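There are 2 protein chains.
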Amino acid sequence: MNLILLSGGSGQRLWPLSNNIRSKQFVPLLRGENGEYESMVQRVYRQITREDPNARIVVATAKRQVSTILNQLGDKVDVCVEPCRRDTFPAIALACSYLADVRGVGPEEPVVVCPVDPYVDDSYFAAVHRLAELAGADDAANLTLMGVEPTYPSAKYGYIIPETADAVSRVTAFKEKPDEQTAAEYIAKGALWNCGVFAFKLKYLLQAAHARMDFKGFADLQQNYDKQKKISFDYAVVEQEPDIRAARFAGEWKDVGSWNTFAEVMADPAIGKVLMDDTCRDTNVVNQLNIPIICMGCQNMVIAASSDGILVSDKQRSSHIKPFVEQVEGEARFAEKSWGSFTVLDVQPEATTIRIVLNEGHRLSYHSHEHRDEVWTIVTGTGRTVIDGTVRRVHPGDVVTMPAGAKHTLIADTALQVVEVQIGEEINVADKTKFELNL
Amino acid sequence: MNLILLSGGSGQRLWPLSNNIRSKQFVPLLRGENGEYESMVQRVYRQITREDPNARIVVATAKRQVSTILNQLGDKVDVCVEPCRRDTFPAIALACSYLADVRGVGPEEPVVVCPVDPYVDDSYFAAVHRLAELAGADDAANLTLMGVEPTYPSAKYGYIIPETADAVSRVTAFKEKPDEQTAAEYIAKGALWNCGVFAFKLKYLLQAAHARMDFKGFADLQQNYDKQKKISFDYAVVEQEPDIRAARFAGEWKDVGSWNTFAEVMADPAIGKVLMDDTCRDTNVVNQLNIPIICMGCQNMVIAASSDGILVSDKQRSSHIKPFVEQVEGEARFAEKSWGSFTVLDVQPEATTIRIVLNEGHRLSYHSHEHRDEVWTIVTGTGRTVIDGTVRRVHPGDVVTMPAGAKHTLIADTALQVVEVQIGEEINVADKTKFELNL
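This is the structure we're talking about:
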């Protein structure tokens, strides 16, 4: 099957383990198959390929997520990068053009669009697979949706009202997130949760896209993406389309959108350097710092620590985190990058200290800073630096100094660990000019 | 008056803000007179000198606390350093010998011994002052104690049983920490809390000391301190002495021995980078890291973070912290030193990164390491390094490399801030050889 995984998402929901570089779907706290931790996106990828080893997966995402996706999934998936934010309809149109023009998917082939981060069991992707088959059938509706059988009257989800209780039924209406009482009334009439999964023939979406947007094909759309209007798939397609069917799904489906729900699916109640006394109850602790956390008498709490900050919250309250994170948000203090990772160790008025890990065979961009000097101390590994065109080999203990204005890069011949000290009165990430480097 | 302040104490009670270098009495979280934060020892010093501007104060303490005491009190107090741990009787004998031999205190003069960390109002030190006068009178008992009028039947304190309810009374018995019911019975009979404050004429204690220990005077006792037996003042003196009186004190007295009690006297519910939502209740948060803590829905908790670790505890449970701290305790990751301070920023298998602040006019010892290379990056200030005898001026941005074996020091001509990277497979604080340096 052809699958477009929509990977958007905020870095605030699972703060401080998610940030503006690492959205919640990349936080590696679930239990993987071999006992190691995996992220939601890794879990979903594993489940999809178990259901359909030949699935053609395109992750539709923003530029800032690309490094993390490649780090977590390798090059096993295609990544379709939105040059800028234009809501779901242009994003899906871009991914569909990619499937058609780059991957050669035929116009009659079905395509399923699915959020990248549902927490589900394997039967869910069997249902996704069937959805693709339904959408690809000759007598298919223009749009086929997955509807989840509700287990309680939730006010957090939108509802699909099907015509009948059959496994597949015409849809008579969509309802926005209702209050709990209204939700209960919908459910009594057979309503289903809208889990954001829908399928169509490729030609259907491309026609809709060409009707609304002026573009020739994938390359052209990508190039002129910033000229497109922001519009959601619901508004552009679903609300205009009379021919929609819903397929029921009765298995487990969880939208782990906050610490409260995420705690239910975490691999272990305590991850990292954590000590809990025996009076702690229903408490989840994740510690990504390398200092210990001691918890005593904690009841029904979630505690999380990273280089970005520390959260100590009652589980119920944790779903209200967003405005607080907005108050404290600054530059991300840790990030996976295409070349490795960085962690900010210390920020002082005139100095910032960072630990950089550069994976074997990778290198930093060749760049300079106008307003800060930098010093690298090589801690482990071997590699080369280039400073204003001069190449030098470096080993553990070596020190490289880069005054403001000096063009510099670091190349990892084996995996490198480096401590970087930035010195200056105006240190900020925007102070960076990149250059070509031909070695 | 002559006052011996006993400054011992564990670094575990207020972990992670106290550690094996900074005991709880040095944690600066109380509200000082001018709005700034002060420690228990600073508060006590301020109260004593307000009561008696001419008080002669000797702090009896261990070597590891000397830098912190001097940093917090300056040279306004005498410090009598116990060369090793020998319990309270040898420590008091050493301080009394110091008063007699170094400070010229006469044999008939009264001396008061007092813990360094009671949380009290000013009337307490007025009572201490009266205690000195009582002990110095011609008809004084050999030993005069302060007894605090109990406000509840506590199982945490020892009790003094006085003969009468008079302001000053003979003591008929001492009782160890009882259970609450027994405590209530004691209190019904007029018992007082033993707050560890007692006074005597200097000659009394020196006679007792010479009777039990073989020494000539202060210098001799200090030199042979390690040969003395460990013995408590209670066992060596109080239990043998029939002539003891107690003076009643009816004011506020608090033994802030755990986070639970310390939280009651903290200057602010939130200190440092802290955000609490409006559903937090009766919660104290102290953050000494420079990343934010967000607290939501916390009820009756204490949360504290430093470079040593993070505590998240129900207030009641926090008094049971000790065994957990023992499990996580390693090298202290931050400390005030006589020359400034250090903070460990990062510990990796083969590298440790530290921020060093060196106060103006101070210098590090001249030393070398056998098993690690070190790199200093000067961040702010100016000074000089000496590496294997060679002096060099340093400024911000300068880098100094010290291979294993190289003798090195750093001298602060103005206050220096330095990032130190230690590199090696066996990094530990014991790997340090000191040398003489004559500039």
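Chains as they are written, first to last, in my numbering: chain A, 3 to 441; chain B, 3 to 441.
Yeah, the Cβ is synthetic: ideal placement off N, Cα and C, and Gly gets one too.
Please read these numbers as outputs of a predicted model, since none were measured by experiment.
First and last residue of the alpha helix (DSSP H) that includes residue i?
i, result
"residue 205 of chain B", "204-214"
"residue 78 of chain B", "Note, residue 78 of chain B: premise wrong, no alpha helix (DSSP H); not H, not E."
"residue 42 of chain A", "42-53"
"residue 95 of chain B", "90-99"
"residue 182 of chain A", "182-190"
"residue 327 of chain A", "324-330"
"residue 375 of chain A", "Where residue 375 of chain A is concerned, there is no enclosing alpha helix (DSSP H), although the beta strand (DSSP E) it sits in stretches over 375-382."
Does the Cβ of residue i lie closer than 7 Å to at least one heavy atom of the ligand FMN?
i, result
"residue 64 of chain B", "This structure simply doesn't include the ligand FMN, nor any ligand for that matter."
State yes or no: is the C-beta of residue i within less than 8 Å of the C-beta of residue j?
i, j, result
"residue 246 of chain B", "residue 144 of chain B", "yes"
"residue 79 of chain A", "residue 94 of chain A", "no"
"residue 338 of chain A", "residue 417 of chain A", "no"
"residue 403 of chain A", "residue 368 of chain A", "no"
"residue 248 of chain A", "residue 321 of chain A", "no"
"residue 302 of chain B", "residue 324 of chain B", "no"
"residue 431 of chain B", "residue 357 of chain B", "no"
"residue 413 of chain A", "residue 386 of chain A", "yes"
"residue 92 of chain A", "residue 242 of chain A", "no"
"residue 311 of chain B", "residue 296 of chain A", "yes"
"residue 309 of chain A", "residue 335 of chain A", "yes"
"residue 176 of chain B", "residue 162 of chain B", "yes"
"residue 399 of chain A", "residue 380 of chain A", "yes"
"residue 355 of chain B", "residue 354 of chain A", "no"
"residue 313 of chain B", "residue 341 of chain B", "no"
"residue 439 of chain B", "residue 396 of chain B", "no"
"residue 16 of chain A", "residue 261 of chain A", "yes"
"residue 442 of chain B", "residue 43 of chain B", "A question about residue 442 of chain B goes unanswered here, because the residues of chain B that appear run from 3 up to 441."
"residue 192 of chain A", "residue 164 of chain A", "yes"
"residue 251 of chain A", "residue 126 of chain A", "yes"
"residue 142 of chain B", "residue 136 of chain B", "yes"
"residue 62 of chain A", "residue 82 of chain A", "yes"
Please list the terminal residues of the continuous beta strand (DSSP E) segment that includes residue i.
i, result
"residue 394 of chain A", "392-396"
"residue 161 of chain A", "161-164"
"residue 339 of chain A", "336-339"
"residue 349 of chain B", "342-350"
"residue 483 of chain B", "Residue coverage of chain B in this structure runs from 3 to 441, which leaves residue 483 of chain B outside it and unanswerable."
"residue 176 of chain A", "170-177"
"residue 291 of chain B", "First-last for residue 291 of chain B: undefined, no H or E at that position."
"residue 223 of chain A", "Looking at the DSSP string, residue 223 of chain A is not in any beta strand (DSSP E); the run it does join, the alpha helix (DSSP H), is 220-225."
"residue 403 of chain B", "401-404"
With DSSP as the reference, please indicate the residues paired to residue i in a beta bridge.
i, result
"residue 418 of chain B", "B/360"
"residue 112 of chain A", "A/203"
"residue 145 of chain A", "A/246"
"residue 120 of chain A", "A/257"
"residue 446 of chain A", "Only positions 3 to 441 of chain A appear in the structure, and residue 446 of chain A is not among them; the question remains open."
"residue 410 of chain B", "B/369 and B/389"
"residue 39 of chain B", "B/33"
"residue 311 of chain B", "B/308"
"residue 9 of chain A", "A/63"
"residue 303 of chain B", "B/316"
"residue 251 of chain A", "A/150"
"residue 195 of chain A", "A/150 and A/161"
Practice task
Return the residues of the stretch 284-313 of chain A that lie within a Cβ-Cβ distance of less than 7 Å from chain B, sorted by chain order.
Solution key: 292, 293, 294, 295, 296, 297, 298, 299, 300, 305, 307, 309, 310, 311, 312 and 313
Practice task
Specify whether the stretch 369-378 of chain B and the stretch 338-350 of chain B touch according to this definition: at least 3 beta carbon pairs, one from each stretch, less than 8 Å apart.
Solution key: no
Problem - the stretch 381-410 of chain B: positions lying closer than 8 Å to chain A by Cβ - result: 381, 382, 398, 399, 401, 403 and 405
Handout entry: Touching by the beta-carbon criterion (3+ pairs, under 8 Å), the stretch 17-29 of chain A and the stretch 101-114 of chain A
Key = no
Exercise for the section: Could you please tell me which residues of the stretch 352-365 of chain A, in chain order, have their CB closer than 7 Å to any CB of chain B? Expected result: 352, 353, 355 and 357
Practice task
Check whether the stretch 196-206 of chain A touches the stretch 150-161 of chain A, counting contact only when three or more Cβ pairs, one atom from each stretch, lie closer than 8 Å.
Solution key: yes
Practice task
Determine, using beta-carbon pairs with one atom in the stretch 81-100 of chain B and one in the stretch 207-226 of chain B, whether at least three such pairs fall under 8 Å.
Solution key: yes
Exercise for the section: State whether the stretch 199-217 of chain B contacts the stretch 112-124 of chain B, with contact taken as three or more CB pairs (one from each stretch) at a distance under 8 Å. Expected result: yes
Exercise for the section: For the stretch 4-22 of chain A and the stretch 48-68 of chain A, state whether three or more C-beta atom pairs, one from each stretch, are separated by less than 8 Å. Expected result: yes
Handout entry: Interface residues of the stretch 323-336 of chain B facing chain A [CB-CB below 8 Å]
Key = 323, 326, 327, 329, 330 and 335
Practice task
Could you name the residues of the stretch 337-349 of chain B whose beta carbon sits closer than 7 Å to any beta carbon of chain A, in the order they occur along the chain?
Solution key: 347, 348 and 349
Exercise for the section: Say whether the stretch 59-77 of chain B touches the stretch 13-25 of chain B, bearing in mind that this needs 3 or more beta-carbon pairs closer than 8 Å, one atom from each stretch. Expected result: yes
Problem - Interface positions of the stretch 15-31 of chain A facing chain B (Cβ-Cβ less than 9 Å), listed along the chain - result: 17 and 18
Problem - Selection of the stretch 268-284 of chain A by Cβ proximity to chain B, strictly under 7 Å - result: 277, 279 and 281
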